[in-house]
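Novice: This is the structure, below, for whatever I ask next.
There are 2 protein chains.
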Amino acid sequence: MDRLGYLLKHVLARLTDEQTKALAPYGLNGRDLAVLSAIVAGEPLSQLEVAHRLRVDRTSIGDLLDGLEERGFVERRRSPEDRRRNVVVLTEQGETTFATAERIRLEIEREFLAPLADGARFRDELKLLLGE
Amino acid sequence: MDRLGYLLKHVLARLTDEQTKALAPYGLNGRDLAVLSAIVAGEPLSQLEVAHRLRVDRTSIGDLLDGLEERGFVERRRSPEDRRRNVVVLTEQGETTFATAERIRLEIEREFLAPLADGARFRDELKLLLGE
DNA sequence: ACTGATGATCAGCAATCCTGACGATCAGTG
DNA sequence: CACTGATCGTCAGGATTGCTGATCATCAGT
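Respectively, the protein sequence lines represent chains A and B.
Last residue of the first sequence: 132 in my numbering, with the numbers rising by one and none dropped.
Last residue of the second sequence: 1132 in my numbering, with the numbers rising by one and none dropped.
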């Protein structure tokens, strides 16, 4: 079975599985963590900017932020310059949890790619296929 | 953005998109085609055997076959040896459509991997990550 | 004949993603 | 200032996919 779709789908499923398990103790999953990572550094972003960075839908990011806000990882604030925009920032708890969870993610990815001779190249090839 | 989950997810999304578009004229999508490919060669398989080959759920394969049967690509027959089993076979139309669609798929995958220096290696690495 | 396992189907749930509509707000124009 | 069109976020809802548990028919072994 060497169909590309099959391979990508199940490789992704395996990774998602392992990430989900490993991140569960921190109250996060892989998608949550990606959201945090998008807003952790640099100037504060609006929801739409976060959505664009993660290539997810504008409504999906709303749902994700709902969950993260409920759990106290992020806060939404109306931008004073443009009151349509919700600026998203990490709470203190968000910062510390992110730092830990991000280390876990890196470790998971390292282990995941361990069977490959050159994991970094594999990752670069994925980027290439995405046109990034 | 070099998160593995992000990359795999969106690379898969792009491939799925292109496959879906290219296969639409034949009344198939990538998943349908994978089902056909699983049963096209060799001895007839039961639904469960097809599901195992494709690593999909036993109930999902039922739904997929419902669609393929409606469109006249496959037939389900009770196995005479074990009347619990549904043996799945291609119809004549299924055979010819499969042959054409499979060529399309190969072409799509070839183009998709074109940006890489060594597409075959990339595919092998995916297999490796799946443990196959 | 009885028991336990297996194959297929069904109903139903959960996650994910997207669409369309809406209210609030902004920017540009006259 | 008033008006128009665009943008941001939210909401309701639908489509897809994947899974679980229950059920029925059938099989295999005792």
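Even glycine gets a Cβ: it sits at the ideal position worked out from N, Cα and C.
#1: In three-state DSSP terms, what is residue 1074 of chain B?
#2: How would you call residue 1106 of chain B, buried or exposed, if buried means at least 16 neighbouring beta carbons within 10 angstroms?
#3: Starting from residue 87 of chain A, follow the beta strand (DSSP E) in both directions and report where the run begins and ends.
#4: State the start and end residues of the unbroken alpha helix (DSSP H) segment that holds residue 1014 of chain B.
#5: Out of B/1057, B/1080, B/1127, state which residue places its alpha-carbon closest to the alpha-carbon of residue 116 of chain A.
#6: From the DSSP output, in three-state form, read off residue 60 of chain A for me.
#7: Along the chain, where does the alpha helix (DSSP H) containing residue 1049 of chain B start, and where does it finish?
#8: Counting only beta-carbon separations shorter than 8 angstroms, does residue 1111 of chain B have a partner in chain A?
#9: Keeping to the same chain, check which residues put their C-beta closer than 8 angstroms to that of residue 37 of chain A; ignore five residues upstream and five downstream.
#10: Shorter than 8 angstroms from the beta carbon of residue 11 of chain A to some beta carbon of chain B?
#11: Need the endpoints of the alpha helix (DSSP H) that residue 119 of chain A sits in, please.
Specialist: Let's see:
#1: Here residue 1074 of chain B refers to the residue found at position 74 when the second sequence is read from its first residue. Strand at residue 1074 of chain B.
#2: Mapped onto the second sequence, residue 1106 of chain B falls at position 106. By the neighbour-count rule (16 or more Cβ atoms within 10 Å), residue 1106 of chain B is not buried but exposed.
#3: Here residue 87 of chain A refers to the residue found at position 87 of the first sequence. It spans 86–90 - the beta strand (DSSP E) in which residue 87 of chain A sits, taken as one unbroken run.
#4: Residue 1014 of chain B sits at position 14 when you count from the first residue of the second sequence. Taken as a continuous stretch (DSSP letters only), the alpha helix (DSSP H) holding residue 1014 of chain B covers 1004–1023.
#5: Residue 116 of chain A sits at position 116 when you count from the first residue of the first sequence. Per the Cα distances, B/1127.
#6: Here residue 60 of chain A is taken as the residue at index 60 of the first sequence, counted from 1. Helix, per DSSP.
#7: On the second sequence, position 49 is the one that residue 1049 of chain B refers to. That run of the alpha helix (DSSP H) goes 1047–1054.
#8: On the second sequence, residue 1111 of chain B is found 111 positions in, with the first residue counted as 1. Chain A, which has no Cβ nearer than 8 angstroms to the Cβ of residue 1111 of chain B, makes this no.
#9: As a working mapping, residue 37 of chain A is identified with position 37 in the first sequence. Answer for residue 37 of chain A: 98, 102, listed in chain order.
#10: Here residue 11 of chain A is taken as the residue at index 11 of the first sequence, counted from 1. Interface residue, yes.
#11: Position 119 of the first sequence, counted from the start, is the residue given in the question as residue 119 of chain A. Here the alpha helix (DSSP H) through residue 119 of chain A covers 119–130.
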